[in-house]
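Engineer: Once you've had a glance at the structure underneath, I'll fire off some questions.
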Amino acid sequence: SRCVKDKKTLIATYNSECLTLADCVVVDVQCDYIKKDLGNMATGEADMAALEATMKTIGDRIPANCLTLIETTVAPGTTEHVAFPILQAAFARRGIPTAPLLAHSFERVMPGRNYVASIRDFWRVCAGCTPEARERVVKFLSEVLNVEKFPLTVMDKPIESETTKIVENSYRATILAFLHEWSLFAERNGVDLTKVIAAIKTRPTHSNIIFPGPGIGGYCLPKDGGLGRWAYKHILGFNDDDIFKITSEAINTNDTRGLHVAELTRDALRNMGRNVAGAPILLCGASYREDVGDTRYSGSELVVRKLTEMGADMRIHDPYVEHWYELETQDTYPAPGLSWSRFFRNQDNLVNIRVQKDLPGALKGAVALILAVRHSQYLNLDPDEIVKQAGGPIAVVDCFGILNDDQIKRYFELGCEVKGLGRGHIQRIKESVRKQ
Numbered sequence: 008s009r010c011v012k013d014k015k016t017l018i019a020t021y022n023s024e025c026l027t028l029a030d031c032v033v034v035d036v037q038c039d040y041i042k043k044d045l046g047n048m049a050t051g052e053a054d055m056a057a058l059e060a061t062m063k064t065i066g067d068r069i070p071a072n073c074l075t076l077i078e079t080t081v082a083p084g085t086t087e088h089v090a091f092p093i094l095q096a097a098f099a100r101r102g103i104p105t106a107p108l109l110a111h112s113f114e115r116v117m118p119g120r121n122y123v124a125s126i127r128d129f130w131r132v133c134a135g136c137t138p139e140a141r142e143r144v145v146k147f148l149s150e151v152l153n154v155e156k157f158p159l160t161v162m163d164k165p166i167e168s169e170t171t172k173i174v175e176n177s178y179r180a181t182i183l184a185f186l187h188e189w190s191l192f193a194e195r196n197g198v199d200l201t202k203v204i205a206a207i208k209t210r211p212t213h214s215n216i217i218f219p220g221p222g223i224g225g226y227c228l229p230k231d232g233g234l235g236r237w238a239y240k241h242i243l244g245f246n247d248d249d250i251f252k253i254t255s256e257a258i259n260t261n262d263t264r265g266l267h268v269a270e271l272t273r274d275a276l277r278n279m280g281r282n283v284a285g286a287p288i289l290l291c292g293a294s295y296r297e298d299v300g301d302t303r304y305s306g307s308e309l310v311v312r313k314l315t316e317m318g319a320d321m322r323i324h325d326p327y328v329e330h331w332y333e334l335e336t337q338d339t340y341p342a343p344g345l346s347w348s349r350f351f352r353n354q355d356n357l358v359n360i361r362v363q364k365d366l367p368g369a370l371k372g373a374v375a376l377i378l379a380v381r382h383s384q385y386l387n388l389d390p391d392e393i394v395k396q397a398g399g400p401i402a403v404v405d406c407f408g409i410l411n412d413d414q415i416k417r418y419f420e421l422g423c424e425v426k427g428l429g430r431g432h433i434q435r436i437k438e439s440v441r442k443q
């Protein structure tokens, strides 16, 4: 806010000549991992084109003593083996005898209410390609981040900084995929996984274990392990396949978890004597996480696409999302030919979907309700009101441990059917209501 409101020093430009005036250039350019098949991460590849083009532009213009800091999450080895040679070649063409000052420090940021604090007030890792670059990046980050309370971790080489980011995100993705197995176990054996997780979290060593939901989503976790696997072969030159089995399988599991939500929805409707085909189904929560409006790689997208393929008439509600561009502009977003629509049939009409804000209006006439995200608005919904607004008993699918046992019981008392990811105890509640 100081730069924007007080100093007014934040300026946006498309003119790359401004680089000639820079003391430091911070690079946040997308380095994506393109998956060619759904559920088979191994066939994908890193898209380095934008980053490579950016580094060439920077190398052609920056002063010799300018620090270039890559904050993008990149494939391990990128800073030293891809970016540095590009800058070095540009300096040679310009007759600059000194080595480029290049460093890496991946961003750590969490969308939501505490966005700025998640950048400024958090631990960071950095490394430089040369001793001088290391000194400069430490000085720069110490001026803009709260390093007094959150000290920097300075690594010896950029590949260590790059690997840190990939491993920390792959670790989280792997834990979530691991819990998918136990989610299925719980459903098939009368276990409520949300209660199991709550019991485990009382142990301090396991306090960060979380329920996986319909898919992990976000920009980082679904792809970062793929960057590591790709770098191992295509930057670092290894040809064997003896590693990255767990990392790859975790991504494959997380990428396809949303398909199980479609199965639960189908089963819930069947139990009510209804079919998915032609059914008006409301999905609540397009975002990938609670209380934000970010739809990137949301697990909900896979749910919508699979149910649409099965013939459902999908409706979407989300209090935070204005446009679901992955659906509305699926021919060009995230890039031409890369939409998840290519993995499913019957997707053309999804471009006409609009995210609704009026929950009672969205519910009217719906025969199924999918609670996909733990938005605050969805945590205390009254079953009586839901059934009234829908116009009769509906199938309810809980993807994120949103419903408590009393709510589940009440839905059954109202003639509804309830299913839930990892919530096998629902059958016991259903049987107890039927016996009354």
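Counting in this note's numbering, the sequence shown runs from 8 upward without gaps.
Beta carbons: idealized from backbone N, C-alpha and C, even for Gly.
Is there at least one Cβ from chain C nearer than 8 Å to A53's Cβ?
Structural biologist: This model lacks chain C altogether; it includes just one protein chain.
Engineer: For L376, which beta-bridge partners are listed by DSSP?
Structural biologist: L376 is bridged to L289 and V403.
Engineer: From this set, S383, I258 and D128, which residue's C-alpha is nearest F185's C-alpha?
Structural biologist: The shortest Cα separation from F185 among S383, I258 and D128 belongs to I258.
Engineer: Quick check on the DSSP output: the beta strand (DSSP E) that includes E52 runs from which residue to which?
Structural biologist: E52 -> beta strand (DSSP E) spans E52 to D54.
Engineer: Report back the beta-carbon spacing between L309 and G222 to the nearest angstrom; my notes put them in contact at under 8 Å.
Structural biologist: Indeed, because the Cβ distance is near 6 Å, the residues count as touching under 8 Å.
Engineer: Output needed for H432: all residues of its chain with C-beta closer than 6 Å, excluding positions within five of it in sequence on either side, in chain order.
Structural biologist: Hits under 6 Å: G197 and D199.
Engineer: Could you pull the start and end residues of the beta strand (DSSP E) that L76 belongs to?
Structural biologist: Unbroken beta strand (DSSP E) run through L76: L74 to I77.
Engineer: Quick one: using the 10 Å Cβ neighbour count with 16 as the cut-off for buried, is E194 buried or exposed?
Structural biologist: The residue is buried, with at least 16 neighbouring Cβ atoms inside 10 Å.
Engineer: Taking 8 Å as the threshold, find out whether the stretch 295-307 comes into contact with the stretch 215-229 through three or more Cβ pairs.
Structural biologist: Yes, the stretch 295-307 is in contact with the stretch 215-229.
Engineer: What residues in its chain sit with their C-beta under 6 Å from that of A140, if we drop five residues either side in the sequence?
Structural biologist: Excluding sequence neighbours, A140 sits near L108, L109 and A110.
Engineer: Beta-carbon within less than 8 Å of E270's beta-carbon, same chain only, minus the 5 sequence neighbours each way: which residues are those?
Structural biologist: Nothing meets the Cβ criterion.
Engineer: Determine the extent of the alpha helix (DSSP H) in which I478 is found, giving its start and end residues.
Structural biologist: Nothing can be reported for residue 478, as the shown portion of the chain is limited to 8 through 443.
Engineer: Please list, in chain order, all residues of the same chain as L334 whose beta carbon is under 6 Å from its beta carbon, the five residues on each side excluded.
Structural biologist: Once the five neighbours on either side are set aside, the close Cβ partners of L334 are L357 and I360.
Engineer: For the alpha helix (DSSP H) that contains I207, what are its first and last residues?
Structural biologist: L200 to K208 is the span of the alpha helix (DSSP H), which, as asked, contains I207.
Engineer: Measuring alpha carbon to alpha carbon, tell me which of R236, A286, A275 and Y385 ends up nearest C423.
Structural biologist: With distances taken between Cα atoms, C423 lies closest to A275.
Engineer: Enumerate in chain order the residues of its own chain whose CB-to-CB distance from S439 is below 8 Å, with the five nearest sequence positions on each side excluded.
Structural biologist: The residues are K416.
Engineer: Which of helix, strand or coil does DSSP assign to T302?
Structural biologist: Here T302 sits in coil by DSSP.
Engineer: Pick helix, strand or coil for E155, following the three-state DSSP scheme.
Structural biologist: Reduced to three states, the DSSP call for E155 is coil.
Engineer: What is the rounded straight-line gap between the Cα of T75 and the Cα of T339?
Structural biologist: So the alpha carbons of these two residues sit roughly 31 Å apart.
Engineer: How would you label E78, buried or exposed, when you count the other beta carbons within 10 angstroms and need 16 or more for buried?
Structural biologist: Buried, since its Cβ has 16 or more Cβ neighbours within 10 Å.
Engineer: Hey, how far is the Cα of F251 from the Cα of T160?
Structural biologist: Roughly 26 Å separates the two Cα atoms.
Engineer: Judging by CA-CA distance, which residue of G84, V311, K364 and R131 is the nearest neighbour of W237?
Structural biologist: Looking at the Cα atoms, G84 is the closest of the given residues.
Engineer: Determine the direct distance from the alpha carbon of T315 to that of I288, and round the result to whole angstroms.
Structural biologist: Their backbone Cα atoms lie some 10 Å apart in a straight line.
Engineer: Using the C-alpha atoms, what's the distance from I204 back to I103?
Structural biologist: Computed Cα separation, rounded: 58 Å.
Engineer: With 16 other CB atoms within 10 Å as the buried threshold, where does W331 fall?
Structural biologist: The residue in question, W331, is buried, as its Cβ has 16 or more Cβ neighbours within 10 Å.
Engineer: Roughly how many angstroms separate the alpha carbons of D247 and K240, rounded to a whole number?
Structural biologist: Their Cα atoms are separated by approximately 8 Å.
Engineer: If we call anything under 8 Å between Cβ atoms a contact, is Q37 one with A53?
Structural biologist: No, these two residues do not count as a Cβ contact at 8 Å.
Engineer: Can you tell me the Cα-Cα spacing of M48 and K313, whole angstroms?
Structural biologist: Each residue's alpha carbon lies about 19 Å from the other.
Engineer: CA-CA distance, Q384 and R120?
Structural biologist: So the alpha carbons of these two residues sit roughly 16 Å apart.
Engineer: Exposed or buried, A19, counting other C-beta atoms within 10 Å across all chains shown (16 or more means buried)?
Structural biologist: Answer is exposed; the Cβ neighbour count stays below 16.
Engineer: Quick one: residues in its chain with C-beta nearer than 7 Å to the C-beta of T170, no 5 flanking neighbours on either side, listed in chain order?
Structural biologist: So the qualifying residues of the chain are P83.
Engineer: Run through DSSP, which three-state label would K42 get?
Structural biologist: It is coil, neither helix nor strand.
Engineer: Using DSSP with H/G/I as helix, E/B as strand and the rest coil, what is I242?
Structural biologist: Correct three-state label for I242: coil.
Engineer: Please state whether the Cβ-Cβ distance between T86 and P138 is less than 8 Å.
Structural biologist: For T86 and P138, no; Cβs fall outside 8 Å.
Engineer: Are there 16 or more other CB atoms within 10 angstroms of the CB of A369, so buried, or fewer, so exposed?
Structural biologist: Buried, by the Cβ-count rule.
Engineer: By Cβ distance, which residues of its chain are closer than 6 Å to C31, with the 5 residues on each side in sequence left out?
Structural biologist: Counting only Cβ-Cβ distances below 6 Å, and skipping sequence neighbours, we find L74 and F147.
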